[in-house]
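Visitor: Count the sequence shown with the numbering used here and you get residues 316 to 800, in order.
Note that CB positions come from ideal geometry on N, CA and C, so glycine has one too.
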Amino acid sequence: MLKKVRETLYHIGIEKADSVVVACSGGPDSVALVLALDDLKEEFALSLYVAHFDHGLRGEESKRDALFVKDFSQKLGLPFFLGHGEVKSYSKAKGLSIQEGARELRYKFLRNLRDRLRASWIATAHTADDQVEEMVMRLLRGASLSGLSGIPLRTEDKIIRPLLGIEKHELLAFLKQKGQDFCIDSSNLSNKYLRNKVRNEVVPILKKLNPAITKTVSRTAKVLREDDEFLDHFAKKIFDKAVLSKENGAIILALNRLNNKPSSIKRRVFKLALRNLKPDIFKNLTLEHLESIDRLVSTQGSTKEIDLPAGVVAKKIYGKLYFYSKGIEKENIFADKFDTLEPKKIDGPGDIALSRTLGSLRIERSPKKFEYKYNSEKLFPKDLFLDASSVSFPLTIRTRQNGERFWPLGAPRPYKLKDFFISKKLPRHIRSMIPLIISGNEVVAVTGIEVSESHKVRQTTEEVLKLSWEPGPEIKKEFELLYQN
């Protein structure tokens, strides 16, 4: 057994002089873990700390276990730490089952202890038999590929399972060889909990059907985990390309980066976004939630939204998918991203500096050299041409005002500028950023978008004004997304 544990520690990446908080309940698995690590501590120059958490659920038996682990640790000369928790009241307050509440409090204690001791790792005594039980339970409840990958050998927050390749009979033989006793948790004998029922009733049947079921499941879990890690790695690349912003309490994704991607990849991208925004959402996030986000982005329509657990909203706005917490208005997400444009007087052709995000505008006057045709296919911002004789300097450049009207090219009459922006699929936060060229009280041109019907270049036009808007990188990025959903 020690040989397997040694190989596992090297595989995990344990380094010389690392320190490990070892979770020990007093049962055979965790006692074997402490002994194995103690046997290997000189080889790895490990510092070991034994941690026991009293859940307060089994009365005198709980006290017996705590005392046993304390004495056991002292005999080995290892530091011992004891934690307590009111599992019943905690679980009731959090709306959790007793087992879920116990697990949360136990791991909270272990993580806090690790941080306090500045230890490198937390080691738990999950075995190959636990892997079988976990896989069966997840199959019964329903699980994704990630779930069916089973218990990981190590986690991102440095929790390790050195016994995951060890079967129960191996560690019992190891304990017998050592002459080491252990505690028996009487609650493990009851089939009140699903895990116990799986352990005591289902797994024995599986072992009759396949005596090597533990090895088979361990191999399967390993293969599934490798596949899962590859898909996660691929999804991370997609996420990094799709993410537009992680600021102001929101995650914003470009939907054109997700188009034509398999649903399995999109679901992983959504999970990455949600993990960045609000990690505790995963307590209640289900496959149905992820599928509803997938339907949201696939449904035709400019603006739609759905509610998710933990007060999170997923909202589709044209070519983008927003994830944000309730209470954060969409406009506030961009509050710090774009600066404002104060009205400026334009005395004649030339270069006009607008602002950091809005960039600059160039106005050039030239004789009419050819027929100017409006190109509706060109992506924004586009150069605009207007009849020079239809306006007189000075002009004004500013952003929109409430109730303003505009006469689009080819339209029979002017209509609300707001409706024009909607027809061009311009998101609300962008509409207030578009510079307008004003003559008197009339909107002559929506810079980068369209010139007014009353100021367009005609056959009788002799001179034209060319308007070239060069916005800043933030606005450019917004424009790139408009017609790519």
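Counting Cβ pairs, one atom from each stretch, are 3 or more of them under 8 Å apart for the region 460-479 and the region 324-341?
Guide: yes
Visitor: Considering only C-alpha positions, which residue in the set Glu376, Ala417, Leu486 is nearest to Asp445?
Guide: Leu486
Visitor: Between which two residues does the alpha helix (DSSP H) holding Glu448 run?
Guide: 443-456
Visitor: Need the endpoints of the beta strand (DSSP E) that Ser560 sits in, please.
Guide: 558-560
Visitor: Alpha helix (DSSP H) containing Pro519: first to last residue?
Guide: 518-524
Visitor: Rounded to whole angstroms, what is the Cα-Cα separation between Glu765 and Leu732?
Guide: 12 Å
Visitor: I'd like the span of the beta strand (DSSP E) that includes Pro682, first residue to last.
Guide: 674-682
Visitor: Would DSSP call Val337 helix, strand or coil?
Guide: strand
Visitor: How many angstroms separate the CA atom of His548 from the CA atom of Gly457?
Guide: 23 Å
Visitor: According to DSSP, His367 sits in a beta bridge with which residue or residues?
Guide: His367 is bridged to Leu397.
Visitor: Smallest Cα separation from His399: which of Arg469, Asn427, Arg671?
Guide: Asn427
Visitor: So, at 6 Å on beta carbons, what are the nonlocal neighbours of Arg572 in its own chain, with the 5 sequence-adjacent residues on each side left out?
Guide: Lys556, Ala557
Visitor: Residue range of the beta strand (DSSP E) that Val627 falls in?
Guide: Annotation for Val627: the continuous beta strand (DSSP E) segment containing it runs 627-632.
Visitor: If you check the beta carbons only, do Phe395 and Lys409 fall under 8 Å apart?
Guide: no
Visitor: Give me whichever residues DSSP pairs with Leu568 in a beta bridge.
Guide: Val558, Leu636
Visitor: Bridge partners for Lys758 per DSSP, in chain order?
Guide: It should be pointed out that residue 758 corresponds to Val in this sequence rather than to Lys. The beta-bridge partner set that DSSP reports for Val758 consists of Ile753.
Visitor: For Thr439, is the classification buried or exposed, using 16 other Cβ atoms within 10 angstroms of its Cβ as the cut-off for buried?
Guide: Around the beta-carbon of Thr439, 16 or more other beta-carbon atoms lie within 10 Å, marking it buried.
Visitor: Note down the Cα distance separating Glu357 from Arg321, rounded to an integer number of angstroms.
Guide: 12 Å
Visitor: Can you pull the DSSP bridge partners for Glu778?
Guide: Pro682
Visitor: Please state the DSSP three-state secondary structure of Ile499.
Guide: coil
Visitor: With 16 as the cutoff for other CB atoms within 10 Å, does Ile499 come out buried or exposed?
Guide: exposed
Visitor: Taking the beta carbon of Gly493 as the centre, do at least 16 other beta carbons fall within 10 Å, making it buried, or is it exposed?
Guide: Before going on, a small fix: residue 493 reads as Lys here, not Gly. Label assigned to Lys493: exposed.
Visitor: Taking only three categories from DSSP, how would you classify Arg426?
Guide: Correct three-state label for Arg426: helix.
Visitor: Using the Cα positions of Arg671 and Glu789, report the straight-line distance between them to the nearest angstrom.
Guide: 10 Å
Visitor: Verify whether the separation of the beta carbon atoms of Thr762 and Leu676 is less than 8 Å.
Guide: yes
Visitor: With burial defined as no fewer than 16 other Cβ atoms inside 10 Å of the residue's Cβ, what is the status of Pro786: buried or exposed?
Guide: buried
Visitor: If you run the structure through DSSP and keep just helix, strand and coil, what is Ala588?
Guide: Ala588: helix per DSSP, three-state reduction.
Visitor: Which residues does DSSP pair with Thr711 in a beta bridge?
Guide: Thr711 is bridged to Lys660, Ile753.
Visitor: When the Cβ atoms of the region 524-536 are set against those of the region 585-603, are three or more pairs found closer than 8 Å?
Guide: In short, these stretches do not touch, since the Cβ pair count stays below three.
Visitor: In the DSSP assignment, what residue or residues form a beta bridge with Trp722?
Guide: Trp722 pairs with nothing; no bridge assigned.
Visitor: Using 8 Å as the threshold, is the C-beta distance between Val759 and His770 below it?
Guide: yes
Visitor: Determine the burial state of Gly374: buried for a count of at least 16 other Cβ atoms within 10 Å of its Cβ, exposed for fewer.
Guide: Flag for Gly374 reads exposed.
Visitor: Near Ser412, which residues of its chain fall below 7 Å by C-beta distance, leaving aside the five closest residues on each side in sequence?
Guide: Ser406
Visitor: Go ahead and pull the three-state DSSP assignment for Ile327.
Guide: helix
Visitor: With 16 other CB atoms within 10 Å as the buried threshold, where does Ser340 fall?
Guide: Burial call: buried.
Visitor: What would DSSP say about Ile596, mapped onto helix, strand or coil?
Guide: Residue state for Ile596 is assigned as helix, using DSSP reduced to three classes.
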